[in-house]
Amino acid sequence: MGVLPGKSLLCPLFFIILLSEGHFRWVDAQHCVWYGECGESEKVPGKKYNCNYTGPPRPLDSKGYDLLTELCPGYDYGGRRLCCDVNQLNTLKGSLQLPLQFLSRCPACFFNLMNLFCELTCSPHQSQFMNATKFTNDFNVTNVVEVEYYIGQTFSNAMYNACQDVQAPSSNVKALSLLCGKDAKDCNATNWIQYMFNINNGQTPFPIIPTFSDAPVAGYTPMNNKTYACTEGLEDGSGPCSCQDCTKACGPKPVPPPLPAPWTILGIDAMTVIMWISYTAFLLTFIGAVVGAWCYSRRTIMSEYGPILDSNNPLSLNSDNPDQVNASCCEILGERFENALRILFSAWGSFCVRHPALVILGSLILVCASSGGLVYMRITTNPVELWSSPTSQARQEKDYFDSHFGPFFRTAQLIITTPLNDTFIYSPYFGGSDVPFGAILDKGILHQVLDLQLAIEGLIATYEGQSVTLEDICLAPLAPYNNNCTILSVLNYFQNSHAVLDHIKGDEFFIYADYHSHFLYCVSAPASLNDTTMLHDPCLGTYGGPIFPWLALGGYDETNYNNATALVITFPLNNYLNDSVRVGKALAWEKEFIKFMKNFKNPNLTIAFSAERSIEDEINRESNSDISTIVISYAIMFLYISLALGHINSFRRVMVDSKISLGIAGILIVLSSVSSSLGIFSYFGIPLTLIVIEVIPFLVLAVGVDNIFIIVQTYQRDERMPQEELHQQIGRILGDVAPSMFLSSLSETVAFFLGALSNMPAVRTFSMFAGLAVFIDFLLQISCFVSLLGLDARRQEGNRLDILCCVKLPEGQEGKTDSFLFRFFKKIFAPFILKEWVRPIIVAVFVGILSFSISVVNKVEIGLDQKLSMPDDSYVLDYFKNLSMYLHTGAPVYFVVEDGINYSSPEGQNAVCGGVGCNNDSLVQQVYSASLISNYTTMAFTPSSWLDDYFDWVKPQSTCCRYYNATGDFCNASVVNPSCVHCRPMTPSGKQRPEGEDFMQFLPMFLSDNPNIKCGKGGHAAYATAVELYPKDAGVGATYFMTYHTILKESPDYIEALKMARILADNITQSMGHKVFAYSIFYVFYEQYLTIAHDTALNLGASLAAIFVVSTVLLGFELWSAVLVSLTIAMILVNMFGVMWLWNISLNAISLVNLVMCCGISVEFCSHIVRAFSISVKKNRVDRAEEALAHMGSSVFSGITLTKFGGILILALSKSQIFQVFYFRMYLAIVLLGATHGLIFLPVLLSYIGPSVNKAKVFAANKRNAGTERECLLNY
């Protein structure tokens, strides 16, 4: 310790301090500890030891003046007499390149750091705070091979505080994660400085042992120079650090708004309370009204021939003056309209029966012509086309992103777990607490996983005779300099090499470093090119980019990656816009990948996997497997229709009275209407969807078969009048029932066509195809089917067998009887439900169900669980399950700045960037602020910012931006060539941000620069696709800034993420005054859910409005009848929501299609009953309701309810979860709710508040039936 006597002599002078140029300086310089460089470092190749020197400071060579000013601004150390030479300054500059590139974005942080190293390297006062403790002799020179450095605790804490928040934009992490040897959250002032002075960091040539104290230690006065806080500007004019790099500069941390409190009354859900109160009030009022009416009716003595209850001035059929009627104008108009329809349809029906060949042939020609369009049929299976409208915001933003930056890459991904439960403890050799490792990180397991990964890399697929390998299609961001594929795998920490995984340092007694220590280092500094262990292996992946642990590991807690229970391996593949050949190659390789993984077996590994094509493949497979289910379902319905149409009077005439051939013809007509609809739209190039193919036949079958049953059963119950021919009878029957069919069909058609106004392609396509199919079906039924009915009636009258028309039974008179179902409805069902004591119970029950449904409408979940879209036996289900169980980060999200920002101007730069001098509400700053409250905003990290990294890259202090002086071409930082010069001069203006021509001159170089050990800021890997340059590099077009969403598991998470990203993008747009939007791959699928509640209300509201208008007109302008039809259908729809809530059916495009269909089918259940009621001439509402139910109820029940019931039950056997949930459950609910409302509730409602009898219709009926048997029947 030869320096100590000197210290004691000068001790009194230590207390005299001079404040010079803002820094404390000791008056006496003391002496040096070293000077110059000597021998090669044994520990760090390429580095040198400093020479031992205890003399006074020496003047710096003039060649080093600029270098000293660059590295240690403001330090001239009294005439530049220093303890270092130019070589030491150059070594210092080279060693500090990475800290410079990552920390210089915060001037105060970097100034303090350089203060630490400048004092260490060059200070003329070295002997006051440094002590050389070990030396070696080398060729007659003494090398300093270890020193102690006494550092003030105040200084070290202040330096750390100024740097702890500085961001590394390209990596979405804090810079200290890359510079501290561990995760930034575990870094502090002490271990950061210890790491920088540790020889294992690859930069420090000999150990520097820091001692931290503010008080003198062992005669040494710790270096405690002045520091700057990150909120302070420097004397050279540099401003304070930005909020992103300095939390203290941000002001208060943003606080998310509180979640809205649930709407409750007395702690109970408010809707439940309101509906209970409303229902109770209704019951009391209703019961009171019923009791009052009953008491009044008991007091009133009425004649058997008294007035009709609901008419003050009735017109009895036995009226004394039948030639006079006191009807209103609307009643007369309605009767005339009704009569016109009756005459029209009667004449048309008679024509069809008289000319069957002409009608059938004409129908056949039209159907064939329409169905001819099927040759142009296209089926859309692309999920984007199915769920996202081309005019929607998400679709337009996706198209913008794809056209400017290329489509989002495709992915093949593995999630690997192990059935082994062993955990093991790693004990670091150099001290520190034991670290537990999960079984999946066992070296043997990792070797097996690496074998699998390498086997996948070696897969060879075939596309059009050509071999396709992973290298042909993978994402290789550094190509052509580095063609290695991007593989986001923890094995890439070990360069995807068995040898590197087995790399250890140790002796026969101890292991100093192995894969454990390398793993622990890499998860904290994934972009490091040299770990701090004795291995000195790189962490950077072979493709030239970092492997972030949250992307490659799963099932860990917080950031304890060593506890991971799953490995995630992702192979990003290039995607192409409008390039079917290259996309075809990717699809071929993915197919081979899926085949390989399905056949892969390893008892120690449990693997869930998926490729980009997996979901579409599985949906197609599901559709094919469901064909058998659909065929069986339709076959059962066809069989029932064929058998149920016939009315068998006796066993002898079973083949005469059956209507199998007519039933088959009716089914063919239904299918013809579907094929005609598909063909017509295919002519116009409108693509079909699987929903159309699966749902529309079911819908048209429900609507069409109902009409068939009504026509046939009305004919079967009708008695031919004297002198009436067959064609006249069928014409008359058609005149009676066709207006009802026209009412239901037109209502459904208009309702469906209004549904086509929806923005959702799946709903719009379904509505268009369904509307046209229903209308064509109606036209064919009143023409072709009526002709066929005439032919079948002639066959039956001629005693010819069904199907075998040539065979004729001997003549025999059989009595005509009503069908069992008709008798049941007429004699039992209708009288029972319309009993005086039953009706109030029915109303109370149905209004109660309605009240319950209203109370849960707002509780129906929105979205579509993607697991439901897969078959029960799909491998993708395991992948979805593991995805939500193990993954710890969400999808990437890009904030896209559209073309038009001038990045060459300070205003344009400040509106976007996140460093010093940038606006507090800049794009990067706003996304950063959002990431601070990620639980609310779903933004997980600070965005990667090409602009901020470019500013750091182009700084003259950095070795990154250089060019060949002779040619002007870019010179990479790793090139050693004296002709390479810095892009910008080391002048005050040169240190500022580049503007104008300077900005565009060097930006292409930045975007082509690959990161390396001397320059980690090269932008090629991170930003090559993020910046769109104009032709000839004339300017910057559209750009993006990427971050990640937090982990998203269920539909509500994705919907909320989209909503928050858009809010944030809108805020940025407003503050910048320029269009910015957020884009992520899932937005196009989930955008529909932002407005689906509104779309549902609009679609169903428009459909109900259409039904109301059509019903009003076609019921003869009876407004109240139309109101009752619309009210009942509305009740069915509301009750559907109640069923959806009870049965866990979410609201999405599929369920919305079903609700629109429910609206259409409900018309069938209701309109026929209401019309039968409105034209009934019975004496009171109860009798009219009973007659309507008896005559129409059996046809509706047999035509829809029974037809559908068998077919629906088969759907429950489907392997498809979508079929089970959205088709079986919803169809069953539609049929049951429709049948109960149409056949139970609606007749009861009509018996209470049905429309009054139309006097004009009664009068017309009286005149029409005068002198016929029908008059006698009616009078009776």
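To convert a position in the sequence shown, counted from 1, into this note's numbering, add 81.
Beta carbons: idealized from backbone N, C-alpha and C, even for Gly.
Just so we're clear, the structure is a prediction, and the values are computed from it rather than from any experiment.
Item	Value
Cα-Cα separation, Met277 to Asn1046	34 Å
Status (buried if at least 16 other CB within 10 Å, exposed otherwise) for Lys679	exposed
Lys129, DSSP secondary structure in three states	strand
For Glu1268, the three-state DSSP class (helix, strand or coil)	helix
Beta-carbon gap between His1272 and Arg798 smaller than 9 Å	yes
For Pro517 and Ile526, the rounded distance between their alpha carbons	16 Å
Same chain, Cβ closer than 6 Å to Met849, five either side skipped, listed in chain order	Ala837
Simplified DSSP assignment, three categories, for Gly1049	coil
Inter-stretch contact (C-beta, 8 Å, three-pair minimum) for the segment 1079-1098 and the segment 1109-1127	yes
Exposure label - Arg380; buried when at least 16 CB within 10 Å	exposed
C-alpha gap between Phe833 and Glu697, whole angstroms	28 Å
Burial state of Glu416, where buried means 16 or more other Cβ atoms lie within 10 Å	buried
Which listed residue (Ala1266, Glu1268, Trp429 and Val1312) has its alpha carbon closest to that of Thr1282	Val1312
Neighbourhood of Glu151 by C-beta, 6 Å cutoff - its chain only, sequence neighbours within 5 removed	Gln1038 and Met1067
Candidates Val434, Ile413, Ala189 and Val867, of which the one nearest Ala1342 by Cα	Ile413
Gly430: first and last residue of the uninterrupted alpha helix (DSSP H) it sits in	Cys410 to Arg435
Cutoff 7 Å; reference Ser473; Cβ partners in own chain excluding five residues on either side	Asn840 and Glu1168
Per-residue DSSP class, three states only, for Asp401	Any reading at Asp401 needs caution, since the residue's pLDDT is 43, under 50, leaving its predicted position unreliable; the model's value is listed next. Three-state DSSP puts Asp401 in coil, outside helix and strand.
Rounded straight-line distance, which links the Cα of Ile767 to that of Ala1337	48 Å
Closest Cα partner of His1155 within the set Val1325, Met1020 and Asp980	Asp980
8 Å Cβ shell around Leu1171 - same chain, five flanking residues per side excluded	Ile1136, Leu1139 and Lys1140
Own chain, CB closer than 6 Å to Pro1270, minus 5 neighbours either side, in chain order	The sequence shown places Leu at residue 1270, not Pro. For Leu1270, where only same-chain residues beyond five positions count, the Cβ hits under 6 Å are Ala911 and Pro1324.
Host alpha helix (DSSP H) of Asp166 (start-end)	Neither: Asp166 is in no alpha helix (DSSP H) and is coded neither H nor E.
DSSP three-state assignment for Met458, whether helix, strand or coil	coil
Spatially closest choice to Leu495 from Tyr457, Ile537 and Ser514, by CA coordinates	Ile537
Beta carbon of Ala493 nearer than 9 Å to that of Leu654	yes
Contact the segment 748-759 vs the segment 819-830: 3+ CB pairs below 8 Å	no
Chain-order list of residues whose beta-carbon lies under 6 Å from that of Gly622 (same chain, five-residue window excluded)	Asn573 and Ile628
For Val941, three-class secondary structure by DSSP	coil
Same chain, Cβ closer than 6 Å to Asp27, neighbours up to 5 away in sequence not counted	For residue 27 there is no data in the structure shown, the boundaries of the chain being 82 and 1357.
Check whether Asp787 and Glu1245 have beta carbons under 9 Å apart	yes
Cβ-Cβ separation, Gly1100 to Asp1030 (assumed contact under 8 Å), whole Å	6 Å
Same chain, Cβ closer than 7 Å to Phe1286, neighbours up to 5 away in sequence not counted	Val1312
Ile1231 to Ile568 span [Cα, whole Å]	37 Å
Cut-off 7 Å between Cβ atoms - residues of its own chain near Pro291, not counting five sequence neighbours on either side	Tyr230, Ile232, Ile274, Gln275 and Phe278
Straight-line gap, Cys164 to Ser208 (C-alpha atoms, nearest Å)	10 Å
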